[in-house]
């Protein structure tokens, strides 16, 4: 979008610049994950045009206590298989929760892959993160196949599967086994609790 605005010689107002800047910053982890040259150019172009106070209000927004309950549940459910963490969160309070938790779990020392799975309304949501530069999209598409929508790029990907009365626990276990098999991680001994 920033490229289109620049090509049309339109100077984006501060609220739009702030929103675009924040989107690039979060999607690319400050240009460190999956960023392309256009992202860097847009980042630098938007920075002097943004509303810094608005950006700080967004980034440092108050978090409800419920968030930390979900965070604790994610940590309790997390199982480590070699360099892979899988956490089945169960029912989620909002659809992006799996992605947020996957981003946090990828910071665990020695972990190369994270798969967070949860349910939101009538869907099973998967979020995949990796330290590798690529492969997340391929993994999530391999796991989900034609059972839902899946996509991603480089080191991050996600999927959404309509439950259609399927047992979410069984589906999550099956997707977890498929992911570990695709990654070549042995599962005979089971996973170890993260905490």
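In this note's numbering, the protein residues as written are 373 to 567.
All C-beta atoms, glycine included, are put in the ideal place defined by N, C-alpha and C.
Per DSSP, which one or two residues make a beta bridge with residue i?
| i | result |
| --- | --- |
| residue 459 | 488 |
| residue 564 | 452 |
| residue 464 | In the DSSP output, where bridge partners are listed per residue, residue 464 has none listed. |
| residue 473 | Answer is none; residue 473 lacks a bridge partner. |
| residue 530 | 499, 523 |
For the alpha helix (DSSP H) containing residue i, list its first residue and its last residue.
| i | result |
| --- | --- |
| residue 538 | Premise fails: residue 538 is in no alpha helix (DSSP H) and is neither H nor E. |
| residue 516 | 508-516 |
| residue 521 | Looking at the DSSP string, residue 521 is not in any alpha helix (DSSP H); the run it does join, the beta strand (DSSP E), is 521-525. |
| residue 399 | 386-399 |
| residue 424 | 424-431 |
| residue 407 | From DSSP, residue 407 is part of no alpha helix (DSSP H); its letter is neither H nor E. |
| residue 374 | 374-379 |
Check whether the Cβ atoms of residue i and residue j lie closer than 7 Å to each other.
| i | j | result |
| --- | --- | --- |
| residue 439 | residue 467 | no |
| residue 501 | residue 534 | no |
| residue 463 | residue 496 | no |
| residue 403 | residue 412 | yes |
| residue 516 | residue 531 | yes |
| residue 415 | residue 396 | yes |
| residue 453 | residue 563 | yes |
| residue 474 | residue 499 | yes |
| residue 398 | residue 427 | no |
Would you kindly report the start and end of the unbroken beta strand (DSSP E) that includes residue i?
| i | result |
| --- | --- |
| residue 502 | 495-502 |
| residue 451 | 451-453 |
Pop quiz: residue i and residue j are said to be a contact at Cβ under 8 Å. What is the actual Cβ separation, rounded to whole angstroms?
| i | j | result |
| --- | --- | --- |
| residue 451 | residue 566 | 7 Å |
Problem set entry | Given 8 Å, three or more beta-carbon pairs between the region 415-427 and the region 440-458 | no
Exercise. Does the count of Cβ pairs from the region 503-512 and the region 470-485 closer than 8 Å reach three?
Worked result: yes
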